[in-house]
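Enquirer: The structure's right below; bear with me while I get my questions together.
2 protein chains.
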Amino acid sequence: MKQVLNVFKIGGGVLDDEAQLHAFVREFGQVAGRKILVHGGGKGASQMLQDLGIQPQMVQGRRITDAATLDVVTMFYAGKTNKQLVAALQSAGTNALGLSGADGNVIRAIKRPVKDIDYGFVGDLPADSVDAGLLGTLLEAGLTPVLCAITHDGQGQLLNTNADTIASTVARALAARYEVELHFCFEKDGVLADINDEASVIPEIQPAQYAQLKAEGVIAAGMIPKLDNAFAALEAGVEKVVIEHALKINQLVKTVLCRS
Amino acid sequence: MKQVLNVFKIGGGVLDDEAQLHAFVREFGQVAGRKILVHGGGKGASQMLQDLGIQPQMVQGRRITDAATLDVVTMFYAGKTNKQLVAALQSAGTNALGLSGADGNVIRAIKRPVKDIDYGFVGDLPADSVDAGLLGTLLEAGLTPVLCAITHDGQGQLLNTNADTIASTVARALAARYEVELHFCFEKDGVLADINDEASVIPEIQPAQYAQLKAEGVIAAGMIPKLDNAFAALEAGVEKVVIEHALKINQLVKTVLCRS
Chain A
27 MKQVLNVFKI GGGVLDDEAQ LHAFVREFGQ VAGRKILVHG GGKGASQMLQ DLGIQPQMVQ
87 GRRITDAATL DVVTMFYAGK TNKQLVAALQ SAGTNALGLS GADGNVIRAI KRPVKDIDYG
147 FVGDLPADSV DAGLLGTLLE AGLTPVLCAI THDGQGQLLN TNADTIASTV ARALAARYEV
207 ELHFCFEKDG VLADINDEAS VIPEIQPAQY AQLKAEGVIA AGMIPKLDNA FAALEAGVEK
267 VVIEHALKIN QLVKTVLCRS
Chain B
27 MKQVLNVFKI GGGVLDDEAQ LHAFVREFGQ VAGRKILVHG GGKGASQMLQ DLGIQPQMVQ
87 GRRITDAATL DVVTMFYAGK TNKQLVAALQ SAGTNALGLS GADGNVIRAI KRPVKDIDYG
147 FVGDLPADSV DAGLLGTLLE AGLTPVLCAI THDGQGQLLN TNADTIASTV ARALAARYEV
207 ELHFCFEKDG VLADINDEAS VIPEIQPAQY AQLKAEGVIA AGMIPKLDNA FAALEAGVEK
267 VVIEHALKIN QLVKTVLCRS
């Protein structure tokens, strides 16, 4: 029987507020067994770009990662956020080990091809981009990998990569070895049936229901890429995907996405 | 018989110049077998402190690591320098994995006690601060740990730590498992008999000779802490300490320090 592996993704909100971050770290420490944490950047990186006088580069309304921006987000995500998280996790008894995709070549990305827009130093993840063997070695040594949203191309170039994509690609890559549960943590208790009612969490969604909820316009537009991504992970062998509040991971309120 | 482990320490100069950094990475890739790289910060961090308007805090002529400074050096060392080095090493065929001391609790430091001066968030390393087991696991998995000069106290606090001290403490901690050779790389070809003659490299120094060279004033004042540190590492079981040029690690010109 395969062991359970919990992959958690956290983003802004919890990363931007020290008290929330420590509350999350305590909750995360109570999750038993093998686990991986993937984190985005939070608002701090944008503030720092501003403090350094680096103007946001926008093309057709999309943010571009130029060389100066990549430098700052690498420092912020892989340096500050990752190391502060790891130190906090260590203090709470989780043997965390921070990684970018370059470390141990654990996530090798492809610089996004230029079509209409040149996104700059942004990395996309092909299906075989994750070294599941290395993550398995670390997990079996009792370590908790903490992945930031920086990858590399194997040719010496670091790349900025979406943290949701990293979480689902890692979850999929490990599905052959573990019974993987993928947790997208955010600032709401789950997927809401009514965007104006925080208590309207849908406890479980199956693919047919999801199609119907989308057709009915129940799912908020911003949630659709996240949920499409989540159902694709289920299709690819991930056992369960959970959408939940970052500070309530050990509570029952959440949305569980199921394969059928 | 114990396997050989080479521990290299690099600092400013090679880190501040991209062409030199890539030249070092190529040379380092040619060093066979198990190896660890420890790096300092270079001048970039000081420039960034200036760009962010963070004034250097000095007490009695010594630089203090206050909270804002720690933030920046963590970003710079653990984020930018470490990840750029790791990505460059990967591209040159070395399976590098970057670590701060917090990662996997690999180096646990003690915040420097306040005596005459409060140095702020600076970490000193007791003899048992390094997790040799974890470094051994990574080395035996074919990885090359790349350690930056940031450690932690195990209570959630990151600490700025001298990179020479990290290199020698790591070398000492691994001396029971490996035949360790510790390499301090800098911008000269070795210890010079005549500070004004770059060709006057002393090929080998034994402890008795070192005492004599110090007494005669031959050793430059700035080299004394480095060499004291190096001979202490030899006393503690490190097999060999080498002082050499960062871009000539595979050449014969160097100073080898021997136990006797």
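Chains as they are written, first to last, in our numbering: chain A, 27 to 286; chain B, 27 to 286. The beta carbon of each residue, even a glycine, is placed where N, CA and C say it ideally should be.
Going by alpha carbons, who is nearest to Glu224 (chain A) out of A:Thr177, A:Glu230, A:Gln232, A:Glu213?
Expert: A:Glu213
Enquirer: Which residues of chain B have a Cβ atom closer than 7 Å to the Cβ of Lys109 (chain A), listed in chain order?
Expert: By Cβ distance, chain B contributes Thr100, Ala104, Ser126, Ala128, Ile176, Leu184.
Enquirer: Closer than 7 Å by beta-carbon distance: list the chain A residues that pair up with Ala167 (chain B), in chain order.
Expert: Thr163
Enquirer: Determine whether the beta carbon atoms of Gly130 (chain B) and Asn121 (chain A) lie at a separation below 8 Å.
Expert: yes
Enquirer: Can you list, in chain order, the residues of its chain whose CB lies under 7 Å from that of Asp220 (chain B), leaving out five sequence neighbours each side?
Expert: Ser226
Enquirer: Restricting to Cα atoms, I'd like to know which of B:Val282, B:Val40, B:Lys61 is closest to Ala167 (chain B).
Expert: Nearest option by C-alpha distance: B:Lys61.
Enquirer: Whose Cβ in chain A lies nearer than 7 Å to the Cβ of Ser117 (chain B)?
Expert: Gly180, Gln181, Gly182
Enquirer: Can you confirm whether Asn131 (chain A), when its beta carbon is compared against all beta carbons of chain B, has any partner nearer than 8 Å?
Expert: Chain B, which has a Cβ nearer than 8 Å to the Cβ of Asn131 (chain A), makes this yes.
Enquirer: In chain order, what residues of the same chain lie with their CB nearer than 8 Å to the CB of Ile80 (chain B), ignoring the 5 residues before and after it?
Expert: Ala94, Thr95, Val98
Enquirer: Is any beta-carbon of chain A found at less than 8 Å from that of Ala258 (chain B)?
Expert: Against chain A, the CB of Ala258 (chain B) has no partner CB under 8 Å away; the residue lies outside that interface.
Enquirer: Taking only the alpha-carbon atoms, compute the straight-line gap between Gly159 (chain B) and Gly180 (chain A) and give it to the nearest angstrom.
Expert: Computed Cα separation, rounded: 28 Å.
Enquirer: For the segment 133 to 181 of chain A, which segments carrying the alpha helix (DSSP H) assignment without a break, of at least 4 residues, lie completely within its bounds, in sequence order?
Expert: 158 to 166
Enquirer: To which residues does DSSP link Asn186 (chain B) through a beta bridge?
Expert: B:Val148, B:Ile176
Enquirer: Can you grab the Cα-Cα spacing for the pair Ile269 (chain A) / Leu278 (chain A), in whole Å?
Expert: 12 Å
Enquirer: In angstroms, rounded to a whole number, what distance separates the CA positions of Gly37 (chain A) and Gln73 (chain A)?
Expert: 16 Å
Enquirer: Just the Cα atoms here: how many angstroms apart are Gly105 (chain B) and Ile176 (chain B)?
Expert: 11 Å
Enquirer: Tell me the rounded alpha-carbon separation between Arg198 (chain B) and His65 (chain B).
Expert: 17 Å
Enquirer: For Asp77 (chain A), return the contacting residues in chain B, with the cut-off set at a CB-CB distance below 7 Å.
Expert: Leu78
Enquirer: Please report how far the alpha carbon of Ala118 (chain B) lies from the alpha carbon of Gln56 (chain B), in whole angstroms.
Expert: 9 Å
Enquirer: If you draw a straight line from the C-alpha of Leu239 (chain B) to the C-alpha of Gly216 (chain B), how long is it?
Expert: 14 Å
Enquirer: Is Pro171 (chain A) closer than 8 Å to Leu123 (chain A) when the C-beta atoms are compared?
Expert: It is a contact, given that the beta carbons lie within the stated cut-off.
Enquirer: Going by the beta-carbon positions, is the gap between Ala114 (chain A) and Gly182 (chain B) smaller than 8 Å?
Expert: yes
Enquirer: For chain B, check one thing: does any of its Cβ atoms lie closer than 8 Å to the Cβ of Ala114 (chain A)?
Expert: yes
Enquirer: Quick check: what's the CA-CA separation for Glu53 (chain B) versus Asp43 (chain A)?
Expert: 44 Å
Enquirer: Short check: CB of Tyr236 (chain B) to CB of Lys28 (chain B), under 8 Å?
Expert: no
Enquirer: Got a sec, what are the start and stop residues for the beta strand (DSSP E) Gly124 (chain B) sits in?
Expert: 122 to 125
Enquirer: Which residues in chain B have a C-beta closer than 7 Å to the C-beta of Leu123 (chain A)? List them in chain order.
Expert: Asp129, Gly130
Enquirer: Does the ligand ZN have even one heavy atom less than 7 Å from the beta-carbon of Pro171 (chain A)?
Expert: The ligand ZN is absent from the structure shown, which contains no ligands of any kind.
Enquirer: Could you please give the first and the last residue of the uninterrupted beta strand (DSSP E) stretch that includes Val57 (chain A)?
Expert: No beta strand (DSSP E) contains Val57 (chain A), which DSSP labels as neither H nor E.
Enquirer: Report the option in A:Asn108, A:Lys109, A:Pro251, A:Ala71 whose CA atom is closest to the CA atom of Thr91 (chain A).
Expert: Nearest of A:Asn108, A:Lys109, A:Pro251, A:Ala71 to Thr91 (chain A), Cα basis: A:Ala71.
Enquirer: Give me the DSSP bridge partner(s) of Met84 (chain B).
Expert: B:Arg89
Enquirer: Which residue spans inside the segment 215 to 273 of chain A form an unbroken alpha helix (DSSP H) run of at least 4?
Expert: 233 to 241, 249 to 261
Enquirer: Whole angstroms is fine: what's the gap from Gly59 (chain A)'s alpha carbon to Met249 (chain A)'s?
Expert: Straight-line Cα distance between these residues: approximately 29 Å.
Enquirer: Take Val51 (chain A) as the anchor and find which of A:Ala272, A:Val282, A:Thr281 has the nearest alpha-carbon.
Expert: A:Ala272
Enquirer: Compare the beta carbon distance of Leu78 (chain A) and Phe34 (chain A) with 8 Å and say whether it is the shorter of the two.
Expert: no
Enquirer: Once DSSP output is grouped into helix, strand and coil, what is the label at Val282 (chain A)?
Expert: Of the three classes helix, strand and coil, the one that applies to Val282 (chain A) here is strand, per DSSP.
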